[in-house]
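Numbering (my numbering), first residue to last: 156 to 640.
Backbone N, C-alpha and C define an ideal beta-carbon position, used for all residues, glycine too.
As the structure is a prediction and not an experimental result, all values here were calculated from the model.
Beneath this line is the structure, given in structure tokens, with notes to follow.
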Ligand SMILES: Cc1cc2nc3c(=O)[nH]c(=O)nc-3n(C[C@H](O)[C@H](O)[C@H](O)COP(=O)(O)OP(=O)(O)OC[C@H]3O[C@@H](n4cnc5c(N)ncnc54)[C@H](O)[C@@H]3O)c2cc1C
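What follows is the structure, given as structure tokens:
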């Protein structure tokens with residue numbers, strides 16, 4: 156056994172006892188775990204503690220790379236015995252870096268990335284550490300898909316537990332609206348099935364309540380037919396055309412049939428071959444338009460966009476669905492400094508457009524973006540209280556304000572920019588302005604409570620008290636157990 160023990164020494168009093176206990180414990184944990192158990196100094200440890208956001212640099216005492224639900228239960232038992240904080244790593248994408256904590260135990264699910272598909276039953280089962288790319292690749296082999304997010308290296312785990320929104324949300328709902336069951340390892344090491352009929356309270360809570368209730372080792376999803384080829388369009392306008400571009404986005408989204416979706420946003424032009432040299436890297440506004448049906452609607456809307464406000468450049472072409480799902484991967488690659496805040500806007504109203512167009516030119520990093528996801532259609536079918544999702548189900552724009560930068564100074568500047576934009580949009584937002592829980596990077600109790608609303612938060616806190624009374628799962632957008640508040 157290598158390394159490991161030294162970092163467990165908490166202080167001059169008792170650190171050595173803790174160190175010895177933990178050293179012996181790690182050895183013991185290794186003997187019962189199928190997956191590797193790593194301590195500082197072990198090969199792979201430093202790589203294992205990395206997360207998507209380069210601004211997060213934390214060193215756990217142990218990384219348990221679990222290969223089964225039994226491994227997860229053993230790791231949680233070990234953490235409990237040694238009084239270690241626990242963090243849970245799905246795809247490690249959360250910008251707040253909740254997948255990793257200092258001096259604690261990381262339950263790393265990256266080995267649990269298998270996806271199996273039953274095309275006849277229209278069901279997929281994904282391991283708790285699968286990435287969206289794993290899910291898309293397996294389901295698209297059968298011409299099927301689960302609605303999920305826009306970046307293929309995001310984890311199915313964190314995305315689903317918070318809700319999950321992407322290109323198929325208007326047509327088939329959030330990811331949680333398509334979750335049919337989950338295998339959950341609770342804080343006390345029980346392995347439970349959660350579904351409409353088994354532990355329905357837990358099943359309700361994990362559909363939006365995040366990683367507060369246990370470690371999900373397997374998700375079962377309902378699948379939908381999605382043709383492997385989809386229609387894609389990207390239109391780009393300059394900074395000075397922001398108001399017209401956003402007004403056009405408002406018009407187009409209001410006219411979209413269910414097979415079409417659009418994401419509008421403020422972005423910098425990519426250095427892609429279809430982008431004329433003089434526009435590459437320049438800031439501006441884009442509309443991305445996807446079409447999932449065989450009809451002419453996508454081409455018609457593309458023509459309408461082109462005629463209404465001729466873009467500086469465009470790309471309109473059919474694209475494999477799995478490629479659409481990877482289109483923004485590189486712009487959001489691992490290793491940059493990230494910070495984000497989100498909110499829900501009822502509409503891209505003129506006052507909202509005024510805020511956006513005055514704030515966007517102030518961003519500092521070319522990688523920082525603002526994105527508006529259209530949420531209506533199937534998104535609005537479930538009732539507000541059918542799931543624990545942090546948002547009402549009336550039509551809206553899920554708004555992401557993302558500061559992303561290649562170095563810490565630029566990141567600090569855009570952290571301030573993100574906060575400023577969020578404050579400026581707040582008077583125009585739905586409710587308190589605290590939006591989708593997966594778009595929250597500041598985890599104060601007030602913010603989290605506002606994201607869910609008081610009644611939903613209290614219901615979640617009561618379920619938390621039942622499944623995690625000691626708040627073992629607190630490195631997240633934490634819902635405190637009712638009894639501890
Ligand atoms: C570049 C980027 C793009 C994004 N795009 C979208 C998008 O299009 N749509 C969207 O809805 N969201 C999007 N998000 C938000 C994303 O859903 C959240 O950041 C989510 O938390 C990422 O999940 P993860 O498993 O990758 O992250 P992790 O950091 O591994 O996990 C975050 C937290 O979720 C919990 N968790 C994860 N897996 C499990 C599990 N199996 N069991 C129990 N708890 C678990 C843990 O508490 C963990 O700390 C995006 C984020 C980024 C950074």
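Does at least one heavy atom of ligand 1 sit under 7 Å from the Cβ of residue 521? no
Distance between residue 381 and residue 160 (C-alpha atoms, nearest Å): Summary for residue 160: the model assigns pLDDT 34, below 50, so the residue's position carries little reliability, and this model does not support an answer.
Close-in-space but distant-in-sequence residues of the same chain around residue 550 (CB under 7 Å, 5 per side omitted): Only 530, 531, 535 meet the Cβ criterion.
Considering only residues of the same chain and omitting the five flanking positions on each side of residue 253, which have a CB-CB separation below 7 Å? 242, 630, 631
Between the region 386 to 399 and the region 309 to 318, are three or more C-beta pairs nearer than 8 Å? no
Looking at residue 321 and ligand 1, is the gap between the Cβ and the nearest heavy atom below 7 Å? yes
With a cut-off of 8 Å, does the C-beta of residue 561 fall near any C-beta of chain D? Note that chain D does not occur in the displayed structure, where there is just one protein chain.
Check whether the Cβ atoms of residue 340 and residue 222 lie closer than 8 Å to each other. no
Which residues bound the beta strand (DSSP E) around residue 386? 384 to 393
How close, in whole Å, do the beta carbons of residue 544 and residue 329 come, if the pair is a contact with beta carbons under 8 Å? 7 Å
Does at least one heavy atom of ligand 1 sit under 7 Å from the Cβ of residue 207? yes
Residue environment, residue 572, which counts as buried when at least 16 other CB atoms sit within 10 Å: buried
If contact is defined by three or more beta carbon pairs under 8 Å, each pair taking one atom from either stretch, is the region 402 to 412 in contact with the region 448 to 461? yes
Under 7 Å from any heavy atom of ligand 1, does the C-beta of residue 254 make it? yes
How big is the Cα-Cα spacing for residue 162 and residue 194? Because the pLDDT of residue 162 is 38, which lies under 50, any placement of that residue in the model is unreliable, and the number read from its coordinates should be weighed accordingly. Answer to the nearest angstrom: the Cα atoms are 9 Å apart.
Is residue 595 a contact residue of ligand 1, with contact defined as CB to any heavy atom under 7 Å? no
I want to check one thing, is the minimum distance from the CB of residue 371 to the heavy atoms of ligand 1 below 7 Å? yes
When the distance is taken between beta carbons, is residue 226 closer than 8 Å to residue 189? yes
Environment of residue 384 [buried if 16+ CB atoms lie within 10 Å]: exposed
When you compare only the Cα positions, how much space is there between residue 186 and residue 179? The straight-line gap from Cα to Cα measures roughly 11 Å.
Determine the direct distance from the alpha carbon of residue 541 to that of residue 156, and round the result to whole angstroms. Only weak support exists for where residue 156 lies, its pLDDT of 32 falling under 50; the value from the coordinates is given anyway. Note on geometry: alpha-carbon atoms of residue 156 and residue 541 lie some 49 Å from one another.
Any idea what DSSP makes of residue 582, helix, strand or coil? The answer is helix: DSSP assigns residue 582 an H, G or I state.
What separation, rounded to the nearest whole angstrom, lies between the Cα atoms of residue 484 and residue 204? 21 Å
For residue 538 and residue 355, the rounded distance between their alpha carbons: Going from the Cα of residue 355 to the Cα of residue 538 covers about 16 Å.
Residue range of the alpha helix (DSSP H) that residue 330 falls in? Note, residue 330: premise wrong, no alpha helix (DSSP H); not H, not E.
Helix, strand or coil for residue 462? Go by DSSP, reduced to three states. helix
Any idea which residues DSSP pairs residue 442 with across the strands? 390, 419
At what residues does the beta strand (DSSP E) containing residue 307 begin and finish? Here residue 307 belongs to no beta strand (DSSP E), and DSSP marks it neither H nor E.
With 16 as the cutoff for other CB atoms within 10 Å, does residue 489 come out buried or exposed? Residue 489 is exposed by the Cβ-count criterion.
Per DSSP, cross-strand counterpart(s) of residue 220: 263
From this set, 524, 419, 406, which residue's C-alpha is nearest residue 436's C-alpha? 524
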